[in-house]
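Notes for the one structure printed next.
Numbering (full-length UniProt numbering), first residue to last: 1 to 637.
Below, the structure written as structure tokens:
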């Protein structure tokens with residue numbers, strides 16, 4: 001006879017979460033760290049009551065915005081290299097709709113998160129319930145259906161016993177490197193409180209074993225033979241390499257055979273920036289060295305990258321007429337991209353096998369790599385000391401932004417500080433093992449180009465979805481994951497205004513984060529895109545009814561929340577503020593007033609964007625013509 005225990009569905013779910021473990025490389029750890037929550041009428045009496053009984057087993061953290069707390073969960077899992085997760089529970093209607101953006105963020109970045117949103121009544125009594133969407137197509141359609149295309153696995157729980165199969169499937173998806181991503185279990189609010197006699201065995205400790213997938217010998221032999229034909233090989237290190245913790249094996253590969261490497265946004269901080277073979281960021285947000293070399297590379301080995309348009313410069317970064325591609329990826333779909341030779345397998349295992357298959361084969365590219373790295377080093381040094389008052393100063397981007405406009409911003413923001421100067425000063429001043437979190441705007445470009453770190457996994461960049469508002473919430477997650485390290489959210493004023501309320505969560509739970517806010521009074525990145533493609537500045541600057549730039553006092557905003565805050569407008573005061581912030585025990589914000597058009601430009605890169613094909617403006621006609629000419633060289637599959 002099967003022994004059973006009578007529990008509500010809500011409590012049964014929570015009890016199950018406490019017993020899930022993951023086993024990787026001989027190390028077993030609990031998989032679910034905790035649950036982020038905002039309670040409403042659709043989850044407080046079911047999931048809420050269940051969670052209240054397990055406060056010792058799980059970290060239960062109250063969020064301030066559903067999207068924000070979900071981004072906290074993503075930042076946490078990303079920092080823990082997908083070996084741990086937070087679950088997220090929300091109410092019905094607007095509560096669950098608010099996690100849709102975060103679900104897209106998790107899906108694009110292959111980050112596991114368990115979403116547990118409330119749903120309408122399974123009994124359909126009452127009907128319609130508060131916050132229910134009445135779709136005339138089907139009464140069964142609810143807000144949570146918006147999460148279906150964004151979830152790696154989706155289920156709607158309308159009976160208590162359904163969780164037994166649904167939860168096991170959910171954890172298979174989240175612990176599988178090939179399918180890792182968000183899972184949604186929509187929980188009918190009446191079912192959350194229903195009781196059922198669950199088998200006791202369902203709540204026994206369950207270990208999810210992650211065995212490293214070995215590539216076939218055929219694939220390794222083919223890849224090594226192709227690589228041996230190269231004169232100028234290149235390795236591209238993507239996020240999958242970091243999640244696989246293949247840094248040692250990649251260094252062995254490139255050092256043994258003298259192969260230069262470039263990195264994607266997700267792959268940055270896998271291999272130290274100071275490594276003589278590391279050319280740095282590649283593509284639209286890449287630097288001069290990596291982009292120059294990539295155009296000449298004849299065999300390219302992508303390790304754990306999904307080849308976004310930013311990595312490939314919209315398929316123009318590489319000479320596809322002459323270059324051959326080899327893709328090492330745990331995900332077969334990604335391995336097939338760009339019509340490459342596929343090596344389907346775990347990055348760590350596959351790279352080691354490829355290194356051994358090459359035997360003692362060496363590539364003679366040392367002088368070339370050293371030369372282009374020096375070119376970029378010289379340019380980075382220039383960007384650290386830009387002076388807007390020098391005779392040779394011109395804005396880095398969009399020369400339509402004239403000197404009169406620049407003077408207007410100097411007076412309004414009371415600063416002459418370029419963004420590049422400020423960013424490099426931050427890089428030089430924070431601790432070497434500090435973690436930075438960023439996501440959107442012009443900062444990802446500046447960071448992939450300019451940021452240098454020799455500490456593994458200290459660059460938590462969300463650029464799979466480029467989600468404005470990720471930065472501060474995810475920094476809270478990164479701090480929970482690495483409580484003994486300083487964590488910095490690098491955020492533009494546009495992103496800050498999108499979502500910053502999880503700063504309250506950081507203060508509430510004594511989870512110290514440091515916000516470095518670059519304020520140039522506008523959506524600077526999109527203004528650059530707009531003006532750089534022939535348009536006039538329109539609805540991308542933050543100006544008042546008189547056309548004057550807004551000068552928002554973000555220092556006072558943070559002080560109002562209870563954070564320690566600073567306002568700076570030069571590198572000296574910035575360095576002083578960072579040093580003082582290191583001594584604080586509570587969260588800090590540094591409000592840096594920087595000038596627009598003083599970020600980096602796109603060295604040797606191209607981004608395919610929707611320029612108007614027809615216009616009465618000569619500047620737009622010229623932009624479209626230039627785009628069409630460049631697109632002739634792009635690969636179309």
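Glycine residues also receive a C-beta, built at the ideal position from the N, C-alpha and C atoms.
Cutoff 6 Å; reference residue i; Cβ partners in own chain excluding five residues on either side
{"i": "residue 200", "result": "3 and 5"}
{"i": "residue 565", "result": "555, 558, 559 and 589"}
{"i": "residue 498", "result": "468 and 469"}
{"i": "residue 70", "result": "88, 99 and 102"}
{"i": "residue 346", "result": "212, 213, 244 and 330"}
{"i": "residue 278", "result": "261 and 271"}
{"i": "residue 68", "result": "473, 499, 501 and 502"}
{"i": "residue 302", "result": "236 and 327"}
Segment limits, beta strand (DSSP E) that includes residue i
{"i": "residue 419", "result": "Unbroken run through residue 419 is the alpha helix (DSSP H), 419 to 429; no beta strand (DSSP E)."}
{"i": "residue 302", "result": "299 to 303"}
{"i": "residue 199", "result": "195 to 199"}
{"i": "residue 307", "result": "Taken as a continuous stretch (DSSP letters only), residue 307 belongs to no beta strand (DSSP E), as it is neither H nor E."}
{"i": "residue 287", "result": "Note, residue 287: premise wrong, no beta strand (DSSP E); not H, not E."}
{"i": "residue 280", "result": "278 to 281"}
{"i": "residue 593", "result": "588 to 593"}
Residue environment, residue i, which counts as buried when at least 16 other CB atoms sit within 10 Å
{"i": "residue 339", "result": "exposed"}
{"i": "residue 539", "result": "exposed"}
{"i": "residue 77", "result": "buried"}
{"i": "residue 362", "result": "exposed"}
{"i": "residue 609", "result": "exposed"}
{"i": "residue 87", "result": "buried"}
{"i": "residue 152", "result": "buried"}
{"i": "residue 416", "result": "buried"}
{"i": "residue 225", "result": "exposed"}
{"i": "residue 282", "result": "buried"}
{"i": "residue 449", "result": "buried"}
{"i": "residue 134", "result": "exposed"}
{"i": "residue 536", "result": "exposed"}
{"i": "residue 306", "result": "buried"}
{"i": "residue 1", "result": "exposed"}
{"i": "residue 671", "result": "Not covered by the structure: residue 671. The range shown for the chain is 1 to 637."}
{"i": "residue 586", "result": "exposed"}
{"i": "residue 268", "result": "buried"}
{"i": "residue 137", "result": "exposed"}
{"i": "residue 510", "result": "exposed"}
{"i": "residue 37", "result": "buried"}
Cut-off 8 Å between Cβ atoms - residues of its own chain near residue i, not counting five sequence neighbours on either side
{"i": "residue 124", "result": "139"}
{"i": "residue 28", "result": "21, 22 and 207"}
{"i": "residue 79", "result": "435, 457, 460, 477, 478, 481 and 482"}
{"i": "residue 295", "result": "317, 318, 319 and 604"}
{"i": "residue 228", "result": "358 and 361"}
Terminal residues of the alpha helix (DSSP H) in which residue i lies
{"i": "residue 470", "result": "470 to 481"}
{"i": "residue 450", "result": "443 to 450"}
{"i": "residue 173", "result": "162 to 175"}
{"i": "residue 409", "result": "403 to 413"}
{"i": "residue 357", "result": "347 to 357"}
{"i": "residue 71", "result": "66 to 79"}
Residue of the options minimising C-alpha distance to residue i
{"i": "residue 411", "options": "596, 525, 495 and 579", "result": "596"}
{"i": "residue 39", "options": "73, 90, 9 and 13", "result": "90"}
{"i": "residue 166", "options": "16, 449 and 602", "result": "16"}
{"i": "residue 157", "options": "145, 150 and 149", "result": "145"}
{"i": "residue 203", "options": "62, 571 and 12", "result": "12"}
{"i": "residue 10", "options": "343, 198 and 546", "result": "198"}
{"i": "residue 221", "options": "616, 55, 600 and 342", "result": "342"}
{"i": "residue 149", "options": "104, 495 and 392", "result": "104"}
{"i": "residue 25", "options": "246, 513 and 390", "result": "246"}
{"i": "residue 34", "options": "18, 44 and 43", "result": "18"}
{"i": "residue 541", "options": "492, 182 and 127", "result": "492"}
{"i": "residue 287", "options": "485, 259 and 311", "result": "311"}
{"i": "residue 607", "options": "571, 549, 533 and 117", "result": "533"}
{"i": "residue 328", "options": "130, 248, 223 and 297", "result": "223"}
{"i": "residue 280", "options": "600, 130, 451 and 350", "result": "451"}
Contacting residues, own chain, Cβ-Cβ under 7 Å from residue i (five flanking each side not counted)
{"i": "residue 569", "result": "414, 415, 417 and 593"}
{"i": "residue 82", "result": "111, 112, 180 and 243"}
{"i": "residue 562", "result": "507"}
{"i": "residue 486", "result": "430, 431, 434, 514 and 582"}
Short CB-CB distance (under 8 Å) between residue i and chain C
{"i": "residue 48", "result": "Protein chains in the displayed structure number just one, and chain C is not present."}
Determine contact between the segment 181 to 191 and the segment 305 to 321, defined as no fewer than three beta-carbon pairs at a distance below 8 Å.
No, the segment 181 to 191 does not touch the segment 305 to 321.
Assess contact between the segment 418 to 430 and the segment 513 to 524, defined as three or more Cβ pairs (one per stretch) separated by less than 8 Å. Is contact present?
Judged by Cβ distances under 8 Å, the segment 418 to 430 makes contact with the segment 513 to 524, as three or more pairs qualify.
Per the contact definition of three or more C-beta pairs closer than 8 Å, is the segment 222 to 238 in contact with the segment 440 to 458?
Segments in contact, no.
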